[in-house]
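Position one of the sequence shown corresponds to residue 1 (UniProt numbering), numbered consecutively onward.
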Amino acid sequence: MLQCTAVTALPRDEALIALVCMEGGPDDAGDHLDEKPYVLCELGEHDEAAEHAAHLWAAEAEPASLWFLWTVSGGFRVYHRFVSRSTCPVRIHHVEEDYRQWCALYDDHPSDHSFNVRDPLRDAYYAQIRRDAQRYFAHDDPDKGDGQES
């Protein structure tokens with residue numbers, strides 16, 4: 001399933017209050033928010049009845065995560081709220097590779113679990129990085145030893 005593409009500006013003052021008031025929130029809440037002027041919905045594609053959701057902070061205390069939820073109508077954010085939610089308990093165990101993968105969303109989230117959600121832009125970006133690295137190392141001159149293309 002593809003990731004939802006909804007983006008909105010994060011109301012900085014409200015987010016700062018939510019982070020500061022959160023048990024286990026960041027010590028540097030202002031600096032943390034400087035990196036997030038806009039947020040992207042992290043859910044899989046969903047219908048208009050479901051709220052969009054962006055993860056803001058994970059604390060060790062329960063409820064462990066602060067989320068920013070919002071709705072859109074006519075291309076404009078019409079409603080938003082900050083909520084603390086427990087992390088989704090669902091996980092999958094990859095037996096052959098012997099590792100577990102947890103859902104990174106909140107409990108009772110709409111749509112699919114995070115390990116089934118694909119971000120096509122991120123996938124394209126990583127594919128380009130792999131191609132560039134392969135091209136770089138394919139042209140690497142082992143006699144030079146400096147990793148420059150010949």
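All C-beta atoms in this analysis are idealised placements derived from N, C-alpha and C, irrespective of residue type, glycine included.
Nothing here was measured: the structure is a model prediction, and the numbers come from that model.
If I'm right that residue i touches residue j with Cβ under 8 Å, what's the distance once you round it to whole angstroms?
i, j, result
"residue 77", "residue 8", "5 Å"
"residue 90", "residue 113", "5 Å"
"residue 33", "residue 16", "6 Å"
"residue 46", "residue 110", "5 Å"
How many angstroms separate the CA atom of residue i from the CA atom of residue j?
i, j, result
"residue 174", "residue 117", "Any question about residue 174 goes unanswered here, given that the chain covers just 1 to 150."
"residue 132", "residue 138", "10 Å"
"residue 44", "residue 14", "26 Å"
"residue 31", "residue 68", "17 Å"
"residue 27", "residue 60", "14 Å"
"residue 51", "residue 5", "13 Å"
"residue 75", "residue 98", "44 Å"
Check residue i in the structure and name its three-state DSSP category.
i, result
"residue 86", "coil"
"residue 44", "strand"
"residue 9", "strand"
"residue 114", "helix"
"residue 109", "coil"
"residue 15", "helix"
"residue 20", "helix"
Would residue i and residue j qualify as a contact pair, given that the criterion is a beta-carbon distance under 8 Å?
i, j, result
"residue 65", "residue 125", "no"
"residue 70", "residue 22", "no"
"residue 42", "residue 53", "yes"
Can you tell me where the beta strand (DSSP E) holding residue i begins and where it ends?
i, result
"residue 134", "Premise fails: residue 134 lies in the alpha helix (DSSP H), 120-138, not in any beta strand (DSSP E)."
"residue 53", "52-58"
Identify the continuous alpha helix (DSSP H) that holds residue i and give its terminal residues.
i, result
"residue 33", "29-34"
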